[in-house]
Structure formats: C-alpha cells, structure tokens
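Q: Below: one structure in structure tokens.
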Amino acid sequence: MPAGSSPADAKDSAKDGAKRKNFPLRGRTGTAAHHLKAHITDIGTEFLEKLTPREAVMFMAEASWGSTTFMPCPHCGSLDEHYFRAKELRWKCTSCGKTFSVTSGTVLADRKLPLTKILKMALSWANGASGKPALQLRRDWQVSYTTVFTLAHKLREGLLRGFNIGILAGVQEMDGADQLGRRYKEKRNKPRGGDRQKPTIPEHLRAPTVDPDTGEILGPPKPPKFDKAAKQPEDRRLMLVIRQRGLARGRGAVATRVGIALTESRTTVTTMATRYASSESHIMTDEDPSYSRFATLFAEHRTVNHSQAYSDRKGTNNNQAESFNWRMKRLVRGIYLNPSVKYLLDYAGEAAWREDTRRLSVGDRLKHLLKAVMGVGLSRWWRNYSHGHHREEELLLEGAREAGTRGKEKGWKPKPPR
Ligand SMILES: [Zn+2]
C-alpha cells in the first residue's frame with residue numbers, strides 16, 4: 087500500500103480495477119439492450135411468407151379492426167358480425183348487403199399486389215430504424231418504383247392522419263430544427279478554401295463619397311436584409327417537435343408530435359403548441375423569444391439556457407426534443423437524401439412514429455402501423471397517383487400553401503395504351 091493512503095482508498099481502487107474493463111467502452115443504452123431481447127423478433131418475413139391468402143386477410147383484419155369476426159362495414163358503417171364469404175375472402179354486410187374486403191375503404195383500397203406481399207413490404211419498411219429508402223424496397227421486392235413509392239407514402243399518409251394527432255397532457259419538451267435547404271446553388275462553381283479571393287469591403291459598409299459633378303454626398307447603399315429569413319435558402323424548413331416525457335425515468339419520451347413551418351415565429355410555435363399540448367401542460371423549451379407567450383397559455387413554461395447548460399438542477403431540459411431533431415436529420419440526410427419540401431411533414435410523421443414505437447417488438451410494431459394506417463379511410467393524397475392525381479399543397483403550420491412540383495406538370499395524364 088503506498089504511503090499516505092488509507093485501507094478504504096485501497097479498497098475503492100481495487101473495486102474500480104475490477105469494474106474497469108476495456109470493452110465495451112461505453113455501456114449499452116436502454117434501447118440497445120432492449121433490441122437484443124429474444125421476444126423482439128417475434129415475427130419476420132418468413133412468418134408472413136407462410137401465410138395463406140386467408141390467413142393474411144385475417145392477420146390484417148385482426149390488426150386493423152382488432153377482430154376477425156366483428157367489424158364496421160366501409161359502405162354504411164354498421165358494426166356487426168358480417169357474413170364472411172370464404173371463397174372471395176370478402177364480407178357481405180348484414181345491413182346494406184354490399185360486400186367488402188379487408189382493404190376496402192382504406193388507403194390500400196384498389197390494391198393490385200397480393201396482401202401477403204403488401205404485408206411483407208410494410209414489415210420491411212417498418213423495420214428500418216431511421217427509415218427505409220423506396221429504391222431499396224424496390225430491389226428487395228421486385229416491384230416498380232411507382233408502386234413502392236406510392237405504398238410507402240400511403241403508409242406515411244396513414245401515420246400523419248392517424249398517428250400525428252391528439253392532444254398531449256403532462257410534461258412536454260418543445261424545440262425547432264432547420265431541415266433541408268442545401269445551399270448548393272450558391273456554392274456551385276465558387277472557389278473554396280485556399281483559392282478564395284481576398285475579401286472586399288461590401289458596398290453598404292463603405293464611407294459616403296462626394297459626386298464630382300454635382301457635389302452631392304452619396305451615402306452607402308441600403309444594406310441587404312440581415313435577418314435569418316432573408317438568408318434562408320428557399321427550400322429550408324423549420325421542423326417543430328413536441329415530445330411528452332414518460333413517467334419512468336431514463337426511458338425517454340413516450341409521444342411525439344411534429345409540424346413544419348417556414349420560420350420559427352411566435353405564431354408558428356403557438357399554433358404548434360396549442361394544436362398538440364393541453365393548457366394543463368408543463369412545457370420546457372430553449373430560450374428562443376418566440377416561446378414568450380407560453381407562460382400565459384400553459385400551466386408552466388420553463389426554459390433552459392443552452393449557452394450555460396443542457397439541463398438545470400430541476401431537470402429543465404429539452405434533450406428529448408433535441409434528440410428527435412437529430413433523428414430527423416439522420417432520416418433526411420442519411421436515408422431519404424433530401425426529400426422534397428412538399429412531403430417533409432409526411433417524413434417527419436414517419437420519424438415520429440419510428441421513434442415512439444422503438445420499444446415494440448417487430449410484430450407489435452407492424453400491427454401498430456397497420457392499426458394507425460388502416461383507420462384513416464381512403465387515401466386523400468395518393469389514390470390514383472400514377473394517373474397524375476397529386477397533392478397540390480405543402481402542409482405548413484402557417485397554413486397549406488401551393489407547392490411547386492418536381493414531377494409531371496399539372497394536368498398530366500398517362501398515354502392511352504396502344
Ligand atoms: Zn354495410
């Protein structure tokens with residue numbers, strides 16, 4: 087024992103030595119350990135592959151209605167034990183007499199693919215941690231790009247209309263983050279780094295000059311706008327997120343709501359907060375002045391000054407919201423490679439769903455997805471997409487606004503087959 091150290095110190099250092107291992111360098115996080123549990127992989131593609139057409143229909147019925155015998159008729163809405171026609175795999179309504187299948191009146195209505203294939207593709211799509219590119223699905227399932235793109239977007243639409251809804255009550259964190267808006271147009275063909283030319287003094291900062299002919303004093307020109315909005319690239323958008331803290335400590339947030347806006351203004355953050363948070367909520371944000379009205383709108387508003395700390399001693403922080411911002415950034419930059427601004431909200435809704443269902447098993451996650459998606463009725467935005475029916479608007483917190491399109495021009499129709 088070295089001189090000057092007590093037996094207690096020696097005991098502590100021995101304990102440290104036993105604890106200190108080279109690997110793993112960092113302890114596993116809660117979610118990582120969760121993913122390695124046995125029950126997580128309860129079903130897989132193999133399970134869906136083995137389903138007969140009838141079993142696939144029943145799997146879908148159980149997921150979307152919670153029953154294989156008792157369901158609402160999509161034509162008249164009557165809830166009953168409708169008569170099942172095993173040969174057609176359709177039900178006949180006991181009230182109106184019309185027949186319907188498990189996908190009638192849902193976003194998957196008029197499907198051309200067999201149900202098992204749709205289930206397998208949906209499972210594959212749902213299994214991506216931060217998203218699943220349509221091209222990858224196309225390669226995996228040998229379908230056309232339009233088919234898989236439309237299917238993925240129908241799932242997103244279902245999540246946006248069936249999952250990104252409802253008011254949260256409790257402790258919420260709110261934050262905004264810039265998404266999209268690559269400034270490639272400004273940067274293209276410009277020298278960078280060492281080739282940069284010597285900077286010149288901008289016109290508006292130069293001293294006033296005297297006109298030699300008239301003797302008039304010419305002041306510097308009006309400076310360009312310096313506010314944030316003026317410098318934004320056209321397709322930059324602000325994603326606002328509200329996340330509800332769970333009651334169990336260390337288990338992260340339990341519910342997420344998203345919105346897209348052009349700017350982080352008092353109007354947009356208030357619209358977002360009043361749409362998704364109840365007046366009894368306790369909201370935590372950063373110190374952005376746009377949140378200034380929250381103290382009068384909600385039960386409590388606490389702010390954290392990020393230049394001082396990420397969290398104060400009372401636990402004021404918006405780290406769960408910040409965490410989601412980065413997940414979204416990973417989805418936008420790493421998986422979907424800059425999706426169009428028009429559908430950014432759809433992608434944000436997808437990210438929110440992936441985040442909120444992170445602790446579910448594969449099977450439960452697929453059922454959760456189907457439950458949300460199959461409950462919103464017919465697709466408003468993707469029905470007949472391949473026939474030129476597209477959503478015209480970009481859905482913003484400021485209100486829907488007409489969006490430019492990257493695809494076919496307005497009124498485009500496919501050529502009739504020869
Ligand atoms: Zn009916």
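Positions in the sequence shown are counted from 1; adding 86 to them yields our numbering.
Every residue gets a Cβ at the ideal spot worked out from N, C-alpha and C, and that includes glycine.
Everything numeric in this text was worked out from a predicted model, so none of it was measured.
1) In terms of alpha-carbon separation, which member of 170, 356 and 118 lies closest to residue 347?
2) Listed in chain order, which residues are found with a beta carbon closer than 6 Å to a heavy atom of ligand 1?
3) Just mark residue 456 as buried or exposed, buried being the case when its beta carbon has 16 or more other beta carbons within 10 Å.
4) Counting only runs of 4+ residues fully inside the region 374–442, write out the alpha helix (DSSP H) ranges in chain order.
5) Using only CA atoms, which one of 497, 495 and 480 lies nearest to residue 489?
6) Entirely within the region 153–186 and at least 3 residues each: give me those beta strand (DSSP E) ranges in chain order.
7) What does DSSP give as the partner residues of residue 325 in its beta bridges?
8) In whole angstroms, what separates the C-alpha of residue 483 from that of residue 376?
9) Checking the sheet assignment: what are the DSSP bridge partners for residue 295?
10) Quickly, what does DSSP pair residue 370 with across the bridge? List them, please.
11) Going by C-alpha distance, which of 409, 216 and 199 is nearest residue 228?
12) Considering just the uninterrupted stretch of the alpha helix (DSSP H) at residue 243, what are its terminal residues?
13) For the region 340–354 against the region 322–330, do three or more pairs of beta-carbon atoms, one drawn from each stretch, fall closer than 8 Å, so that the two count as touching?
14) Please classify residue 205: does DSSP put it in a helix, a strand, or coil?
15) Taking 7 Å as the cut-off, is the CB of residue 268 close to at least one heavy atom of ligand 2?
16) Tell me which same chain residues have a C-beta within less than 8 Å of the C-beta of residue 140, skipping the five on either side of it?
17) Which residue marks the beginning of the alpha helix (DSSP H) containing residue 222, and which one marks its end?
18) Within the continuous alpha helix (DSSP H) that includes residue 452, where are the two ends?
19) Expressed to the nearest angstrom, what Euclidean distance is found between the alpha-carbon atoms of residue 94 and residue 122?
20) According to DSSP, which residues form a beta bridge with residue 479?
21) Classify residue 117: buried if its beta carbon has 16 or more other beta carbons within 10 angstroms, exposed otherwise.
22) Buried or exposed, going by whether 16 or more other CB atoms sit within 10 Å of the CB of residue 265?
23) For residue 100, does the three-state DSSP call read helix, strand or coil?
24) Mind checking which residues open and close the alpha helix (DSSP H) that includes residue 337?
25) Tell me whether the region 434–442 and the region 234–249 touch, counting them as touching only if at least three CB pairs, one residue from each stretch, are closer than 8 Å.
26) Within the same chain, show all residues whose beta-carbon is closer than 7 Å to that of residue 469, passing over the 5 residues directly before and after it, in chain order.
27) Exposed or buried, what is residue 162 when buried is set at 16 or more other beta-carbons lying within 10 Å of its beta-carbon?
28) Which whole-angstrom value is the C-beta distance of residue 368 and residue 257, which I expect to be below 8 Å?
A: If we stick to the structure as given:
1) Of the listed residues, the one whose Cα sits closest to residue 347 is 356.
2) Selection output, chain order preserved: 159, 161, 162, 164, 179, 181, 182 and 184.
3) Per the 10 Å Cβ criterion, buried.
4) Fully enclosed alpha helix (DSSP H) runs of 4 or longer: 380–383, 405–416 and 430–442.
5) Residue 480 is the option with its Cα nearest to residue 489.
6) Runs of the beta strand (DSSP E) inside the region 153–186: 169–171 and 176–178.
7) 263 and 346, per the DSSP bridge assignment.
8) Cα to Cα, residue 483 sits roughly 14 Å from residue 376.
9) Residue 295 pairs with 304.
10) Answer is 259 and 388.
11) Residue 228 has its Cα closest to that of 199, out of 409, 216 and 199.
12) Boundaries of the alpha helix (DSSP H) harbouring residue 243: 231–248, taken from the DSSP string.
13) Verdict: yes, contact present.
14) The answer is helix: DSSP assigns residue 205 an H, G or I state.
15) Among the ligands modelled here, namely ligand 1, ligand 2 does not occur.
16) Cβ within range, chain order: 172 and 175.
17) Where residue 222 is concerned, the enclosing alpha helix (DSSP H) stretches over 220–227.
18) From DSSP, the alpha helix (DSSP H) with residue 452 extends over 448–460.
19) Any reading at residue 94 must be qualified, since the residue scores a pLDDT of 46, below 50, and its modelled position is unreliable; no value is offered.
20) DSSP, once it has assigned bridges, lists 488 as partnering residue 479.
21) Exposed, by the Cβ-count rule.
22) Residue 265 should be labelled buried.
23) A caution first: residue 100 carries a pLDDT of 47, below 50, which makes its placement in the model unreliable, though a value can still be read off. DSSP places residue 100 in helix when its eight states are reduced to three.
24) No alpha helix (DSSP H) holds residue 337; DSSP gives it neither H nor E.
25) Under the Cβ criterion (8 Å, minimum of three pairs), the region 434–442 counts as touching the region 234–249.
26) The answer, listed in chain order, is 475.
27) The residue is exposed, with fewer than 16 neighbouring Cβ atoms inside 10 Å.
28) Contact flag correct, Cβ pair sits at about 5 Å.
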